[in-house]
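In what follows, a single structure is set out as structure tokens and then discussed.
2 protein chains.
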Amino acid sequence: MDEKRIRVGLVGFGTVGTGVARLICEEGDAIAEKTGVRLELACVVDVDTTTPRPVRLPDGVLTNDIHRLLADESITVGVELVGGTGVARTIQLDMLGAGKDVVTANKALLAEHGAELYRVARRRSRCIAFEASCAGGIPIIAAIRTGLAANNIRAMYGIVNGTCNYILSSMSAKDEEFAAALAQAQQRGFAEADPTLDITGGDSAHKLAILASMAFGYEISLDDIFVRGIDGIAKEDIRYGREMGYCLKLLAIGLKNEQGKVSLRVHPSFIAADCSLARVDGSFNAISIFGSAVGETLYYGRGAGMMPTASAVVADILDVALGNSRTTFEHLRLKPREEVVPLIEDINDSVSRFYIRVMAQDVPGVVACYGRILGDHQISISGALQHEGRGPDNTVPVVITTHRTQERNMAAALAELARSELFAGQPVCIRIEDIPEDRDV
Amino acid sequence: MDEKRIRVGLVGFGTVGTGVARLICEEGDAIAEKTGVRLELACVVDVDTTTPRPVRLPDGVLTNDIHRLLADESITVGVELVGGTGVARTIQLDMLGAGKDVVTANKALLAEHGAELYRVARRRSRCIAFEASCAGGIPIIAAIRTGLAANNIRAMYGIVNGTCNYILSSMSAKDEEFAAALAQAQQRGFAEADPTLDITGGDSAHKLAILASMAFGYEISLDDIFVRGIDGIAKEDIRYGREMGYCLKLLAIGLKNEQGKVSLRVHPSFIAADCSLARVDGSFNAISIFGSAVGETLYYGRGAGMMPTASAVVADILDVALGNSRTTFEHLRLKPREEVVPLIEDINDSVSRFYIRVMAQDVPGVVACYGRILGDHQISISGALQHEGRGPDNTVPVVITTHRTQERNMAAALAELARSELFAGQPVCIRIEDIPEDRDV
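Next comes the structure, spelled out in structure tokens:
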């Protein structure tokens, strides 16, 4: 069979764009030999055409004029690697409008405007492929959409932000404060100069919106997701959690309960120190998915970086070239927003276990007090930890873990603890996720 | 967009066949809602039409006459779940001959006759989809072929036989002999009544032949694979290995060296006790793949069983229904056998580290003796373990680990150790695999 030739136009010549150009220019022969598809980099568009990048483009390929890409009918695949939700949206719409299929790594844009962009693509019989938007080089979107298509997906737990995982791993391994761990992550290139989107959980929420919409078949809005970041985490809580058998991770969680309601959450989570996700260290990503037929499957790898993300972008370009992306995209069914809203669980109704730390005055009656407050709100204590000795301002840290309870009960109990004179300041509250272990029976 | 209807014919109504029938009959609505593809179970063929199975088929679907399936032109997908390499081959050829695409979980058949079957399918413009042939419900074939298509795959290490992993996990956790662990695995349904194909490594070799041919783009024959099973493993060696920081796994290994030569091996392997694959317990499977762009990715899940395997079969049926399997299959390039033979590394040339146990007479000169023998063969010792006390027949176990050396050097040294009067019987020799760890730098 003859080789298929595909001309690709790339917009955004930053880190990932450079990686994509490198794969196409340097590995093109090997890729063609293995897949029968010959990729041609027809055009690379960026406002900055002068800064040297570690790849040698063919002459005349680099331009700052996107119209060259849009107007060239021989370019059938447009790759948007600009990022953000402003100009990137226009670029994708223009590429679709010019009859090109779109490949992108832009999770923010898809999380915010995915439904609109998918509709436009469909109307024009084009597709948007976005494997690179979640978990970098791990082929997780394909696994969910195709590999697990026969499954009713019941739960997913993901470590999908390498920056946060790097910071939490450092805090844990070196008993380091958040600020120090962040500074070191920035220095070593694992956190951006402005890390806000990562550490507040926003980036994980973007990825959860995309992954959960594929897994559950819903149009999911960012508003449906409860989000807490890691910026307030104290190293003491990581240490106390470890003493109680837990490891702290920022998890992106999608859970379908027995009534079909879906809980979508991103927050710091204590998980059993011996479970698979607890062993994912540093900047790596991993996603554990529970399907009705398959049980647990887990996917692990690098979630970011030049070449891992480029690997996913080029895989998508090849899949688009073969026509498979378009077919998969055409057959993607997402329940429209109006139908989805009642299916999303209110965070106040959500049930989980909790870790609480209060700074107790060193006086009689403390245990009775928190025992009464929690009991009054129907919260049952599963463990407690109080080391002998004094803390700051003559207070001592008391750590309590609870059995499963509704978020609203916990919120009320926390408010009452905060008001009590026996405890100083606001209590610390971190959710405990009991990830089911799929084991031999 | 309208629902696409696909009529499926199934041959082989055993465990996996029953699982596939259950997914199609019981989850058909959910699958159609999510994918836009409506699966119809047109026909289930088995010689045994009377034994009750835990699924209710529509009336008239079950038959012992395969010609009903072959002659029905409305059936476009034929699923072969008979297993084995005899009648199954005929069935697949007949289905292709009748113009049907084929979906199968039959690793033995593909490992032995894959090249022939692929050629027939291609000649008839049909495809063979075989996600279920390796690692059950883990979508590993798609990950290699599509997700990692932009990568030069440098290495794969797989735990791909759940029976062996279950047995080795039990031996390790309970300090149990092989025979006892096997008997218990059989009792609990994790090993067949005749476990030969599993414990000799044959089943892992079948899967490696398929996975490595996808990863490296070669037609691979079983003859290219060096195979050793776990049937001779003594619990002492698992224990000594653990003392030295290792965990014993049956690994399927595909490695490409810098000259482009590929080493294909299935054998018991000591791996670092803290690496990802060491933590894969019981009947689970996991495959770690190192790609030039993506770095390490790892895939974990159930490798066998009714519903996990059925999950992969139905995923393949859906992919065939969408037409994607056929496109992927058409573009699959495998280097023909003649070109491949010189690329496969001879086992005697292969280089690895080794664990050796000799039963030494308790007399002076033992250390000098093994030191001299290993040194004479250019083998450098990396560790040694000799507990005080006596073993059987007044001998003591001496455990030695080596640095990297060629297989032929080790074979010569082992022969000399066996001949020496200072050591009783044959030395035990187990390969040590230093799986690279992809870490943050």
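Going down the list, the protein sequences come from chains A and B.
The opening position of the first sequence corresponds to residue 1 in UniProt numbering, with each subsequent residue numbered one higher.
The opening position of the second sequence corresponds to residue 1 in UniProt numbering, with each subsequent residue numbered one higher.
All C-beta atoms in this analysis are idealised placements derived from N, C-alpha and C, irrespective of residue type, glycine included.
This one's a predicted model, so the numbers in the text were calculated from it and none came from an experiment.
| query | When you check each C-beta in the stretch 59-82 of chain B against every C-beta of chain A, which residues fall closer than 9 Å? | reply | none
| message | Let's test the definition: count the other Cβ atoms within 10 Å of the Cβ of residue 441/A and tell me whether it reaches 16, buried, or not, exposed. | response | Working through the first sequence from its first residue, we reach residue 441/A at position 441. Classification of residue 441/A: exposed, given that the 10 Å Cβ count is below 16.
| Through-space distance from residue 122/A to residue 159/B, alpha-carbon basis | For the purposes of this step, residue 159/B is taken as residue 159 along the second sequence, with counting starting at 1. For the purposes of this step, residue 122/A is taken as residue 122 along the first sequence, with counting starting at 1. Cα to Cα, the separation comes out at about 41 Å.
| message | Check whether chain A comes within 8 Å of residue 440/B, counting only Cβ atoms and requiring the distance to be less than that. | response | Residue numbering aside, residue 440/B sits at position 440 when the second sequence is read from its first letter. Judged by the 8 Å Cβ criterion, residue 440/B is in contact with chain A.
| Exposed unless 16 or more other CB atoms sit within 10 angstroms - verdict on residue 108/B | Position 108 of the second sequence, counting from 1, holds the residue named residue 108/B. Buried: at least 16 other Cβ atoms inside 10 Å.
| message | Check whether the stretch 13-25 of chain B and the stretch 71-83 of chain B touch, using three or more Cβ-Cβ pairs below 8 Å as the test. | response | Judged by Cβ distances under 8 Å, the stretch 13-25 of chain B makes contact with the stretch 71-83 of chain B, as three or more pairs qualify.
| query | Where do the ends of the beta strand (DSSP E) carrying residue 263/A lie? | reply | In the first sequence, counting from the first residue as 1, residue 263/A sits at position 263. Segment 262-272, the beta strand (DSSP E) holding residue 263/A.
| task | Work out the CA separation of residue 404/B and residue 173/B for me, nearest whole Å. | result | On the second sequence, position 173 is the one that residue 173/B refers to. On the second sequence, position 404 is the one that residue 404/B refers to. Rounded to whole angstroms, residue 173/B to residue 404/B spans 29 Å at the Cα level.
| query | Under the three-state reduction of DSSP, which class applies to residue 441/A: helix, strand or coil? | reply | As a working note, residue 441/A is residue 441 in the first sequence. Reduced to three states, the DSSP call for residue 441/A is coil.
| When you compare each of 199/A, 89/A, 352/A and 424/A to residue 401/A by their alpha carbons, which one comes out closest? | Counted from its first residue, the first sequence places residue 401/A at position 401. Per the Cα distances, 352/A.
| Span separating the alpha-carbon of residue 128/B from that of residue 214/B | Residue 128/B sits at position 128 when you count from the first residue of the second sequence. Residue 214/B sits at position 214 when you count from the first residue of the second sequence. Using only the alpha carbons, I get a separation of about 13 Å.
| said: Less than 6 Å between C-beta atoms, sequence neighbours within five positions excluded: which residues of the same chain meet that for residue 384/B? | reply: Here residue 384/B refers to the residue found at position 384 of the second sequence. 400.
| said: Taking CB distances under 8 Å as the criterion, tell me whether residue 190/A reaches chain B. | reply: Here residue 190/A refers to the residue found at position 190 of the first sequence. For residue 190/A, the answer is yes, since a Cβ of chain B falls inside 8 Å of its Cβ.
| query | What residue from 359/A, 344/A, 166/A and 300/A has the CA that sits closest to residue 429/A's CA? | reply | As a working note, residue 429/A is residue 429 in the first sequence. The shortest C-alpha separation from residue 429/A is found at 359/A.
| Using the beta-carbon of each residue, which ones in chain A are nearer than 7 Å to residue 2/B? | For this step, residue 2/B is matched to residue 2 along the second sequence. Neighbours of residue 2/B on chain A: none; closest Cβ ~11 Å, over 7 Å.
| said: Would the stretch 206-222 of chain B count as touching the stretch 256-267 of chain B if we require 3 or more Cβ pairs under 8 Å? | reply: yes
| task | Measure the Cβ-Cβ separation of residue 151/A and residue 260/A and say whether it is below 8 Å. | result | For the purposes of this step, residue 151/A is taken as residue 151 along the first sequence, with counting starting at 1. For the purposes of this step, residue 260/A is taken as residue 260 along the first sequence, with counting starting at 1. No, they are not a contact pair.
| request: Could you tell me the boundaries of the alpha helix (DSSP H) in which residue 399/A lies? | output: If you number the first sequence from 1, residue 399/A lands on position 399. Note, residue 399/A: premise wrong, no alpha helix (DSSP H); beta strand (DSSP E) at 395-402.
| query | Residues of chain A with CB under 7 Å from residue 225/B, in chain order? | reply | If you number the second sequence from 1, residue 225/B lands on position 225. Against residue 225/B, chain A offers no close residue; the least beta-carbon distance is about 21 Å (beta-carbon pairs closer than 7 Å).
| field | Secondary structure of residue 405/B, DSSP reduced to three states | value | As a first step, residue 405/B is located in the second sequence; it is residue number 405 there, counting from the start. Correct three-state label for residue 405/B: strand.
| query | Considering residue 352/B, what are the terminal residues of the beta strand (DSSP E) in which it resides? | reply | By one-based count along the second sequence, residue 352/B stands at place 352. First-last of the beta strand (DSSP E) with residue 352/B: 351-361.
| Cα-Cα separation between residue 177/B and residue 106/A, rounded to whole angstroms | Position 177 of the second sequence, counted from the first residue, corresponds to residue 177/B. Position 106 of the first sequence, counted from the first residue, corresponds to residue 106/A. Their backbone Cα atoms lie some 54 Å apart in a straight line.
| Can you name, in chain order, every residue of its own chain whose Cβ lies under 8 Å from the Cβ of residue 183/A, other than the five neighbours on each side? | Residue 183/A sits at position 183 when you count from the first residue of the first sequence. For residue 183/A, where only same-chain residues beyond five positions count, there are no Cβ hits under 8 Å.
| query | Closest to residue 381/A by CA distance: which of 432/A, 425/A, 140/A and 278/A is it? | reply | The residue you call residue 381/A lines up with position 381 of the first sequence. The option with the nearest alpha carbon to residue 381/A is 432/A.
| query | Of the choices 97/B, 73/B, 21/B and 116/B, whose alpha-carbon is the least far from that of residue 54/B? | reply | Reading the second sequence from its first residue, position 54 is the one you call residue 54/B. Measuring from the Cα of residue 54/B, the nearest candidate turns out to be 21/B.
| field | Contact set between residue 23/A and chain B, taken where Cβ atoms lie within less than 7 Å | value | The residue you call residue 23/A lines up with position 23 of the first sequence. Neighbours of residue 23/A on chain B, chain order: 150 and 293.
| request: Closer than 6 Å by C-beta to residue 9/A: which residues in its own chain qualify, once you throw out the five before and the five after it? Chain order, please. | output: The residue you call residue 9/A lines up with position 9 of the first sequence. Around residue 9/A: 42, 43, 69, 75 and 78.
| message | Residues of chain A with CB closer than 8 Å to the CB of residue 132/B, please, in chain order. | response | The count along the second sequence starts at 1 and reaches residue 132/B at position 132. Those within 8 Å of residue 132/B in chain A number zero; the least Cβ separation is about 11 Å.
| request: Check whether the stretch 323-340 of chain B touches the stretch 32-42 of chain A, counting contact only when three or more Cβ pairs, one atom from each stretch, lie closer than 8 Å. | output: Of all C-beta pairs linking the stretch 323-340 of chain B to the stretch 32-42 of chain A, three or more are shorter than 8 Å, placing the two stretches in contact.
| request: Show which residues of chain B have a CB atom less than 7 Å away from the CB atom of residue 410/A. | output: To locate residue 410/A, count along the first sequence from 1; it is residue 410. Those within 7 Å of residue 410/A in chain B number zero; the least Cβ separation is about 33 Å.
| message | To be precise: take each residue of the stretch 331-362 of chain B, compare its Cβ to all Cβ atoms of chain A, and keep it if any distance is under 7 Å. Which residues remain? | response | 331 and 333
| query | Is the beta carbon of residue 268/B sitting closer than 8 Å to the one on residue 233/B? | reply | For the purposes of this step, residue 268/B is identified with residue 268 of the second sequence, where counting begins at 1. For the purposes of this step, residue 233/B is identified with residue 233 of the second sequence, where counting begins at 1. In contact: residue 268/B and residue 233/B (Cβ atoms closer than 8 Å).
| If you compare alpha carbons, which of 146/B, 47/B, 71/B and 25/B is closest to residue 58/B? | The residue labelled residue 58/B in the question sits at position 58 within the second sequence. For residue 58/B, the nearest C-alpha among the options comes from 25/B.
| task | Please confirm whether residue 50/A and residue 324/B have their CB atoms less than 8 Å apart. | result | Numbered from 1 along the first sequence, position 50 holds the residue referred to as residue 50/A. Numbered from 1 along the second sequence, position 324 holds the residue referred to as residue 324/B. Result no, Cβ atoms of residue 50/A and residue 324/B do not sit closer than 8 Å.
| Shortest alpha-carbon distance to residue 27/A belongs to which of 344/A, 48/A, 56/A and 45/A? | Numbered from 1 along the first sequence, position 27 holds the residue referred to as residue 27/A. Residue 27/A has its Cα closest to that of 56/A, out of 344/A, 48/A, 56/A and 45/A.
| message | Starting from residue 318/B, trace the alpha helix (DSSP H) in both directions and tell me its first and last residue. | response | Position 318 of the second sequence, counting from 1, holds the residue named residue 318/B. Membership of residue 318/B in the alpha helix (DSSP H) is indicated by the continuous run 306-322.
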